[in-house]
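To keep things clear, I will list the structure first and then write my remarks on it.
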Amino acid sequence: MVLKMLASAAPYFPTEYTVHIVATLIAVLTVRTIAQGRKTTRERDLHARVILVTGAFSPIGLTLLESLAQRGAHIIALTPHAVDSEQVKTYIELLRSTTANEQIYAEQCDLASPPSIHAFATRFTTGHAQRLDALIFTHEYRHIGAARLLAPAADPAADPAARETASLATFLLTTLLLPALLTAPAARDIRIITLVNRFYAAAAALPPPFAPPPGASASLFLREGARALRTAAFTRHLQRVLDALPAPPVPAADGTPGPGPRPAMQKSNIVVVSVSPGLSRAETVAPLLRADWSPTGHGFSVVGLVLYIALYPLLLLLTKSAAASIQSVLHVLFLPTPFKAGVAEGLTGPGAEKGELLKPGALYAECAVVRVRVGAQTPGEEEEETEEKTQKEEEEKAEDEKAGEGEGEALPDDGELGGERAGRAVWEAYEAGLKAWEARHPPPPPPDIEGATAPA
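Put into structure tokens, the structure is as follows:
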């Protein structure tokens with residue numbers, strides 16, 4: 047039938063434009079292939095690996111859950127909804143049936159509520175199954191805020207509050223689960239992966255801790271970029287902290303007693319990286335146009351939905367699908383780490399790099415390391431930097447190294463993502479923000495002996 051239709055339509059084909067049509071198709075396919083980004087060439091068996099995923103029921107989260115489940119991973123999906131709700135049960139049952147993997151579970155944890163995060167962390171760290179091989183934060187990737195013409199007039203502080211909450215939730219959950227990760231067997235390969243949006247480059251010129259100017263003067267992309275850059279700087283600094291901790295002995299690769307060698311480039315078995323999946327239609331463009339009516343959305347606009355539908359052919363060409371967006375996430379999950387490769391091969395230095403290895407603390411995009419120069423100064427500002435300021439920095443560094451003696455090594459300053467000073471500034475800003483956030487959301491009072499709520 048199809049061949050007959052093509053044969054009947056052949057006389058009407060404009061043969062004089064054959065070259066133009068073929069060239070246009072090739073150009074369209076080339077642009078789409080480039081826009082979809084690189085695909086990982088790595089693969090890994092994830093059976094018996096326990097992976098915790100936040101933002102699990104977003105478009106990119108569901109796609110990631112399916113991909114991990116197909117490889118046999120034991121998955122814990124965090125959701126703000128009740129585990130026995132119809133929505134959550136439907137998602138879990140569908141994933142189990144389509145992937146033939148029964149090891150998919152949901153846990154309630156509202157990342158907008160510090161008490162809920164504390165409650166989940168307590169359940170996890172005190173439960174019987176404390177193993178955790180990977181922690182993937184997908185909730186920070188979703189774009190927050192709408193374009194200026196489509197932004198609602200009411201509640202102008204909603205977007206800044208949502209940005210702060212998303213970042214603080216990552217910081218809080220990471221610090222609460224770190225004790226369980228640090229007490230895991232030293233030979234276990236553990237990874238913490240945080241997804242950030244692509245606008246981090248817009249905030250590269252901001253000074254640490256990369257806070258945009260207050261008020262409406264800062265553009266939406268600058269505010270989103272600052273959030274992404276802070277997260278990337280935090281993950282890099284967390285890796286510095288982990289590598290500076292005293293390293294426990296690791297069994298030798300051949301099983302003989304005694305510690306095995308450790309790669310000089312990575313001293314901790316915990317690898318922390320940030321990943322930029324790119325521009326996604328569902329997670330970037332739809333929220334930007336307020337064309338998203340899902341429960342995780344921040345408002346809905348009929349005008350935005352119409353605009354999204356009108357632009358969809360162009361978006362299909364220039365933006366990523368959820369399947370293309372997770373390729374960099376899978377890449378950093380599948381790559382061997384310097385720690386694992388060094389222990390397995392008996393190598394301790396740069397010679398351990400046989401093939402591509404995962405770079406601890408790095409920012410990845412399109413399955414490759416991204417080098418971002420942040421907090422850059424203009425030539426005039428660099429000339430105005432006085433000798434007194436330089437001497438003060440050296441004195442502070444010497445004090446830090448002295449304070450680190452006997453408590454692990456001093457944090458190295460490799461200059462990446464703003465260096466150690468930028469990472470520390472972001473960490474301290476998160477600590478201050480976390481105190482204020484927890485003060486705004488105090489835990490509920492404990493019940494009295496009879497089960498009634500105790501008076502305040």
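Going by my numbering, the first residue of the sequence shown is number 47, and it counts up by one from there. Ideal placement from N, C-alpha and C gives every residue a C-beta, glycine not left out. Only a predicted model underlies this, so the values are computations on that prediction, with no experimental measurement involved.
For Arg237, the enclosing beta strand (DSSP E) covers residues 236-241. Within the region 148-179, the complete alpha helix (DSSP H) segments at least 4 residues long are 160-172, listed from N- to C-terminus.
Classified as buried, Ser320 has 16 or more neighbouring CB atoms from the shown chains inside 10 Å of its CB. In the structure shown, the three-state DSSP call for Ser131 is coil. With respect to the 8 Å criterion, Leu92 and Ala193 are not classified as neighbours on the basis of their beta carbons. The C-beta distance from Leu110 to Glu153 rounds to 16 Å, too long to meet the 8 Å contact threshold.
Distances from the CA of Phe385 to each of Val317, Asp338, Ile372 were compared; the closest alpha carbon is that of Val317. Per the coordinates, the alpha-carbon of Leu291 lies some 8 Å from the alpha-carbon of Ser314. For Val349, the enclosing alpha helix (DSSP H) starts and ends at 348-364. Taking every protein chain shown into account, the CB of Ile80 has fewer than 16 other CB atoms within 10 angstroms, so this residue is exposed. Rounded to the nearest angstrom, the gap between the Cα atoms of Phe245 and Ser347 is 23 Å.
Here Val418 is not near Ala264, since their CB atoms are 8 Å or more apart. Each residue's CA atom was taken as its position, placing Ala337 and His189 some 12 Å apart. Pairwise C-beta distances place the region 207-214 out of contact with the region 364-375, as fewer than three of them are shorter than 8 Å. Per DSSP, the unbroken alpha helix (DSSP H) holding Ile67 starts and ends at 64-82. Under the DSSP assignment, Thr281 falls in the alpha helix (DSSP H) whose first and last residues are 266-290. CA-CA distance, Lys50 to Val65, rounds to 24 Å.
DSSP, reduced to helix, strand and coil, places Phe183 within a strand of the structure shown. Judged by their CB atoms, Val96 and Leu178 are nearer to each other than the 8 Å cut-off. Per DSSP, reduced to three states, the secondary structure at Ala102 is coil, with no helix or strand assignment.
The beta carbon of Gly101 sits closer than 6 Å to those of Gly107, Thr184, His185, all from its chain and outside the five residues before and after it, given in chain order. Straight through space, the alpha carbons of Val77 and Thr168 are spaced by roughly 48 Å. The beta-carbon distance between Leu457 and Arg286, rounded to whole angstroms, is 5 Å. This is short enough to meet the 8 Å contact definition.
DSSP places Leu376 in the uninterrupted alpha helix (DSSP H) bounded by 373-380. Taking Glu89 as the centre and dropping the five residues before and after it, the same chain places the C-beta of Phe380 closer than 7 Å to its C-beta, in chain order. Secondary structure at Ala414: strand, using DSSP grouped into helix, strand and coil. Per DSSP, reduced to three states, the secondary structure at Ser54 is helical.
Ala468 sits in a helix when the DSSP states are folded into three classes. Sequence-distant Cβ neighbours of Asp156 in its own chain, meaning closer than 6 Å and more than five residues away, are Pro126, Ser162. Selection Asp289, Ser326, Ala257, Leu363 evaluated against Gly479 yields Ala257 as nearest (Cα-Cα).
For Thr125, the three-state secondary structure derived from DSSP is strand. Distances from the CA of Pro105 to each of Ala328, Gly407, Ala482 were compared; the closest alpha carbon is that of Ala328. In its chain, beyond the 5 residues on either side, Leu457, Asp459 have a beta carbon closer than 6 Å to the beta carbon of Glu466.
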